[in-house]
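Positions 3 to 141 (our numbering) are the ones given, in order, by the sequence shown. Backbone N, C-alpha and C define an ideal beta-carbon position, used for all residues, glycine too. The structure appears below as structure tokens.
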Amino acid sequence: MISRRSIVLTLAAATLAAATLAERGLPAFAASAANPIKLFDTDKDGTLDLAEVKKAASALFAKLDRDHDGTLDKRELAGRLSAKELAAADPDHDGTLTADEYLSVVEQRFNAANPDKDGTLDARELNTRAGRALLQLLK
């Protein structure tokens with residue numbers, strides 16, 4: 003049997019959680035992990051293709067480029083790439099990535115997450131290690 007105290011405590015915890023999310027500008031439903039397909043699937047076909055992924059990556063690039071110099075440095079990348087990955091993606095060795103260099107890494111990760119080579123990623127593929135690595139560059 004559920005006690006009155008249990009109900010009150012549960013409601014209080016839910017209210018506190020919703021208030022915390024609201025303070026951060028997040029709706030209450032954001033407490034659960036957002037479905038990346040729903041976030042980025044502009045054609046609503048239930049999968050992500052390379053164009054949709056690159057569009058999301060470009061939007062994130064613009065958001066991360068806080069100094070608006072057209073590049074992302076280690077600080078702006080905020081752990082999305084390891085030092086080794088950054089060095090490999092930086093052909094001019096200036097310690098930054100241009101949008102084209104960033105999108106090249108995104109495309110490499112897309113291809114790694116797409117083992118069946120059908121040109122789209124479904125929820126199962128996004129839930130693999132390679133898919134999760136790609137998602138780090140999108141959100």
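Short Cβ contact (8 Å threshold) for residue i with residue j
i: L140; j: A59; result: yes
i: K56; j: L105; result: yes
Element boundaries [alpha helix (DSSP H), containing residue i]
i: L52; result: L52 to L66
i: L83; result: Looking at the DSSP string, L83 is not in any alpha helix (DSSP H), and its letter there is neither H nor E.
i: L137; result: R131 to L137
i: A125; result: A125 to L128
i: K40; result: P38 to F42
Exposed unless 16 or more other CB atoms sit within 10 angstroms - verdict on residue i
i: G133; result: buried
i: T98; result: buried
i: A24; result: In this predicted model, A24 has a pLDDT of only 47, less than 50, meaning its place in the structure is not dependable enough to derive any value.
i: D51; result: buried
i: R131; result: exposed
i: P38; result: buried
i: L28; result: Residue placement at L28 is flagged as unreliable, the pLDDT there being 48, under the threshold of 50; the coordinate-derived value follows with that caveat. So L28 ends up on the exposed side.
i: R111; result: buried
Rounded Cβ spacing between residue i and residue j (contact assumed at less than 8 Å)
i: G81; j: A101; result: About 19 Å; that fails the 8 Å criterion.
i: L123; j: T44; result: With 8 Å as the limit, L123 and T44 do not qualify as a contact, their Cβ atoms being about 14 Å apart.
i: E109; j: A91; result: Rounded, the Cβ-Cβ distance is 11 Å, inconsistent with contact.
i: L137; j: V107; result: The Cβ separation is near 13 Å, so there is no contact.
Start and end residues, beta strand (DSSP E) containing residue i
i: D1; result: Not covered by the structure: residue 1. The range shown for the chain is 3 to 141.
i: L99; result: T98 to T100
Should the region 71–81 be regarded as contacting the region 108–122, the criterion being three or more beta carbon pairs within less than 8 Å?
no
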